[in-house]
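Enquirer: This is the structure I want to talk about, given as structure tokens.
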């Protein structure tokens, strides 16, 4: 059973690395339900346990909205809150704190540009994330961790993206026509087509900016997620 589980995890991971460009160290965005489950079930050290299922280095993140939600749950979840405070913080830019679900969904966006794995025990959130291309989901059952298989919609999106890459773009087609004209008539100049090509190239440029910035908090004490459970 363990061999079958490892083989399935490798297959799932290969899908996201090949189709969506995930690279180690893998970034794992944890919500409060997942952090609490790790502590209650002794899945520690957390980074080691997660690295084992992904077969490579990992880095754990959470958000201030997640921490605020856990803190509101009271003393019963104080250990989970303290553990979460020791994780790297993905800045969510929410001046007014949102629910963990809303915060994580907004960070992931439409195509998960920061290449986060999302670790959660929230079944509704897991289902919602599997409708978004390129979002691998991690969850736990008792003391075992699992990488969710890609959903049918994620697989279909990957197929469509691959088909799109295999077709010639409008710009490539125009450049090919231009090169053919130059071969037939080397001295001929088609200035209008050249201008059109320049405009097409300009339109194809994509302005990018960092949507998520990270801020690491200095640990005030031992991280409960990095300590082995006492016998």
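Numbering (my numbering), first residue to last: 1 to 231.
Glycine included, C-beta positions come from ideal geometry on N, C-alpha and C.
Could you say which of 86, 105, 88, 31 lies nearest to residue 69 if we only look at CA atoms?
Expert: It is 31.
Enquirer: In the DSSP assignment, what residue or residues form a beta bridge with residue 59?
Expert: Beta-bridge pairing links residue 59 to 27.
Enquirer: Look up residue 137 in the DSSP assignment and say whether it is helix, strand or coil.
Expert: Strand, per DSSP.
Enquirer: Report yes or no: do the region 53-63 and the region 84-100 share at least 3 C-beta pairs separated by less than 8 Å?
Expert: The region 53-63, when compared against the region 84-100, does touch it at the 8 Å Cβ threshold.
Enquirer: Report the partner residues of residue 118 according to the DSSP bridge assignment.
Expert: In the DSSP output, where bridge partners are listed per residue, residue 118 has 29, 137.
Enquirer: Please state if the CB of residue 38 and the CB of residue 136 are separated by a distance shorter than 9 Å.
Expert: Not closer than 9 Å, so no.
Enquirer: Which residues in the same chain have their Cβ closer than 7 Å to the Cβ of residue 224, if we skip the five residues on either side of it in sequence?
Expert: These residues qualify, in order along the chain: 39, 79, 82, 83.
Enquirer: Thinking C-beta only, is residue 117 closer than 9 Å to residue 107?
Expert: The answer is no: Cβ separation not under 9 Å.
Enquirer: Alpha carbon to alpha carbon, what distance is there between residue 129 and residue 109?
Expert: Approximately 10 Å between the Cα atoms of the pair.
Enquirer: Taking all protein chains shown into account, decide if residue 65 is buried (16 or more other Cβ within 10 angstroms of its Cβ) or exposed.
Expert: That one is buried.
Enquirer: Return the residue from the list 6, 20, 57 that minimises the CA-CA distance to residue 158.
Expert: Nearest option by C-alpha distance: 20.
Enquirer: Count the other C-beta atoms from every protein chain shown that fall within 10 angstroms of the C-beta of residue 48, then say buried if there are 16 or more, exposed otherwise.
Expert: The residue in question, residue 48, is exposed, as its Cβ has fewer than 16 Cβ neighbours within 10 Å.
Enquirer: Nearest by alpha-carbon distance to residue 122: which of 100, 134, 113, 142 is it?
Expert: It is 100 whose Cα lies nearest to the Cα of residue 122.
Enquirer: On the three-state DSSP scale, how would you describe residue 15?
Expert: Note: residue 15 maps to helix in three-state DSSP.
Enquirer: Less than 6 Å between C-beta atoms, sequence neighbours within five positions excluded: which residues of the same chain meet that for residue 125?
Expert: Within the same chain, residue 125 has close Cβ partners 101.
Enquirer: Taking only the alpha-carbon atoms, compute the straight-line gap between residue 145 and residue 138 and give it to the nearest angstrom.
Expert: When rounded, the distance between both Cα atoms is 7 Å.
Enquirer: Does DSSP put residue 22 in a helix, a strand or coil?
Expert: Three-state result, residue 22: coil.
Enquirer: Under a three-way DSSP split, which group does residue 125 fall into?
Expert: In this structure, residue 125 counts as helix in the three-state DSSP scheme.
Enquirer: For residue 149, which residues of its own chain have a beta-carbon under 6 Å away from its beta-carbon, when the five flanking residues on both sides are left out?
Expert: Excluding residues within five positions, the ones whose Cβ falls inside 6 Å are 12.
Enquirer: Report buried or exposed for residue 112, applying the criterion of at least 16 other Cβ atoms within 10 angstroms of its Cβ.
Expert: Classification of residue 112: buried, given that the 10 Å Cβ count is 16 or more.
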